[in-house]
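Everything below concerns the one structure shown next.
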Amino acid sequence: MANPPTLPGGLGKGPFDGLKPWQLVLTFLPLLLLAGGLIGGALGGGASAANLTLAKKPLPTPWKILAMIGTALAAAAAYFLIVGLISTDTA
1 MANPPTLPGG
11 LGKGPFDGLK
21 PWQLVLTFLP
31 LLLLAGGLIG
41 GALGGGASAA
51 NLTLAKKPLP
61 TPWKILAMIG
71 TALAAAAAYF
81 LIVGLISTDT
91 A
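What follows is the structure, encoded as structure tokens:
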């Protein structure tokens with residue numbers, strides 16, 4: 001099957017073109033935070049965007065994997081920190 005035509009300047013090319021399956025999995029991993037509502041969705045979406053950027057960087061594979069997992073873990077830690085601060089009873 002032939003690749004779809006692209007426009008000059010790379011227009012028409014999807015953001016996930018050329019990514020390996022493991023890169024897609026790690027890109028979407030932070031979206032599991034969507035279960036946390038608005039806060040989880042915002043953090044998960046931001047971390048997924050960061051992971052997509054990392055997936056396209058010319059880094060060695062082990063470093064790329066560690067960076068993408070670290071991004072997901074940082075987003076999860078930030079989520080639990082924010083939710084913990086919000087739900088703290090001040091009375």
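Residue numbering for the sequence shown follows the UniProt record's numbering, starting at 1 and increasing by one per position.
The beta-carbon is built from N, C-alpha and C at its ideal position, and this holds for glycine as well.
Handout entry: the region 54-69 / the region 23-32 touching (three or more Cβ pairs under 8 Å)
Key = yes
Handout entry: Proximity of LEU19 and LEU33 at Cβ, strictly below 8 Å
Key = no
Handout entry: First and last residue of the uninterrupted alpha helix (DSSP H) at PRO21
Key = 21-28
Practice task
Determine, using beta carbons only, whether PRO30 and THR71 come nearer to each other than 8 Å.
Solution key: yes
Handout entry: alpha helix (DSSP H) segment containing LEU66, residue limits
Key = 61-86
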